[in-house]
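In terms of UniProt numbering, the sequence shown has 98 at position 98, counting the first letter as 1, and numbering is strictly consecutive. The beta carbon of each residue, even a glycine, is placed where N, CA and C say it ideally should be. None of these values were measured; they are calculated from a predicted model. Here's the structure, in structure tokens; my notes come after.
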Amino acid sequence: MSAPWFKNYVGVKLSDDQMRDISHPNLELAAHVTMKTVQTFGIIGTMFVGPMIAVARKDTRNWSGVQEKTKQAGQVGLVLGLLAGPLMTYAKMRSVSDPDGAYDRCYRIRYNRTQVRVDRASILGFVGGAGIAYYMAGDAMFGGLVGMSGGIIITSVLNSIF
1 MSAPWFKNYV GVKLSDDQMR DISHPNLELA AHVTMKTVQT FGIIGTMFVG PMIAVARKDT
61 RNWSGVQEKT KQAGQVGLVL GLLAGPLMTY AKMRSVSDPD GAYDRCYRIR YNRTQVRVDR
121 ASILGFVGGA GIAYYMAGDA MFGGLVGMSG GIIITSVLNS IF
């Protein structure tokens with residue numbers, strides 16, 4: 001990963017030469033795929049699996065039960081995403097015959113503003129949600145998971161409108 005990658009990630013406007021400066025394309029691609037798998041598995045666990053498990057069991061059909069099951073399923077989703085991302089990248093890169101395939105994909109990802117915005121919103125949502133929940137003497141992990149999911153959903157809707 002390099003300074004241009006980080007600058008692009010946080011929203012700094014870069015020249016085309018700076019966007020082409022991809023010193024570690026395999027690492028950058030693995031980070032991107034891992035971010036997407038963490039987002040996907042995290043939101044599935046937080047928004048769907050956790051609440052369904054809580055509602056299915058009689059003893060967790062209350063707010064604290066839903067919150068706990070949502071947190072547990074979201075955490076499992078995050079861990080699965082962290083494990084699946086590098087494995088998926090490795091499996092795909094083994095089958096790519098073009099040595100510049102990772103570089104080309106990273107270059108296109110850098111220019112895809114909608115993906116960069118979703119990534120940024122998921123991180124800000126997680127940190128913001130965790131911070132607010134912690135400040136309010138709640139469960140920081142639950143707040144982070146809900147914040148991440150909310151950031152992804154809101155940014156995806158805004159990206160489709162604008």
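Query, Result
"For Gly138 and Ile154, the rounded distance between their alpha carbons", "23 Å"
"7 Å CB neighbourhood of Val76 in its chain, flanking five on each side removed", "Gly45"
"Tyr107 vs Ile22 beta-carbon contact at 8 Å", "yes"
"Close-in-space but distant-in-sequence residues of the same chain around Gly129 (CB under 6 Å, 5 per side omitted)", "Gly143, Gly144, Val146, Gly147"
"Status (buried if at least 16 other CB within 10 Å, exposed otherwise) for Ile161", "exposed"
"Which listed residue (Leu87, His24, Leu158, Met47) has its alpha carbon closest to that of Lys69", "Met47"
"Neighbour-count burial assignment, Ser15, 16 or more Cβ in a 10 Å radius", "exposed"
"Minimum C-alpha distance to Asn26 - residue among Phe41, Lys7, Ile109, Ala56", "Ile109"
"The region 32–39 in contact with the region 81–95 per 3-pair CB rule at 8 Å", "yes"
"Nearest residue (CA-CA) to residue 193, options Ser2, Met19, Ala3", "Here the chain comprises residues numbered 1 to 162, so residue 193 is not present and cannot be evaluated."
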